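All remarks here apply to the structure that follows.
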Amino acid sequence: MPYDPTRHGPHRVVGPGFHAQVHRLVQRIPRGRVASYGDIAEALGLRSAARRVGQALAALPAGRAQAIPWHRVVNAAGRISVRADGEPSPEQARLLREEGIEVDDTGRVLDFSRHRHRHRSDRGQTPS
DNA sequence: CGGCTGACGACCT
DNA sequence: GAGGTCGCCAGCC
1 MPYDPTRHGP HRVVGPGFHA QVHRLVQRIP RGRVASYGDI AEALGLRSAA
51 RRVGQALAAL PAGRAQAIPW HRVVNAAGRI SVRADGEPSP EQARLLREEG
101 IEVDDTGRVL DFSRHRHRHR SDRGQTPS
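Quick note on our numbering: the first sequence kicks off at 1 and runs consecutively.
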């Protein structure tokens, strides 16, 4: 196995299939929680790859999309990112509300920090 | 092979 | 807060 989601480490795993790694990680976001594109990138050890994470989800084939909770990924501002049409996907807001996450009409996730999911956040860091 | 393109994000006004 | 700029770099053409 080239990539094991249960033990993704600090090493750079960016080989062929960056998209696949993103998809794998997004699958690990629990229901009722959300993560930012940057969070996913960071979990992969690539702090500056947030944009590439978005690209990976954009490239998600329709068939594969229903198996991956893509809607649980929002931007660092806690908002549903705007698509090519210039507005946040109403579909994403609907799916989030379905699992108990409040989203206002502008696409802003209420209480983003409270719902935010961190992969392996056990670093003992204390927010001063 | 080279240029373009973003489901982003950090910064700056 | 709300806007605009700019760097990022894997895929795609």
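All C-beta atoms, glycine included, are put in the ideal place defined by N, C-alpha and C. Since the structure is predicted, the reported quantities are computational estimates derived from the model, not experimental observations.
- Nearest C-alpha to residue 45 among 57, 18, 117, 107: 18.
- Taking the C-beta atoms as reference points, residue 28 is found nearer than 9 Å to residue 119.
- Cβ-Cβ distances below 6 Å link residue 31 to 99 in the same chain, with the five nearest sequence neighbours on each side left out; the list follows chain order.
- Taking all protein chains in view, the Cβ of residue 63 is surrounded by fewer than 16 other Cβ atoms within 10 Å, so the residue is classified as exposed.
- Nearest Cα to residue 56 within the set 24, 76, 85: 24.
- In the DSSP assignment, the residues bridged to residue 35 are 73.
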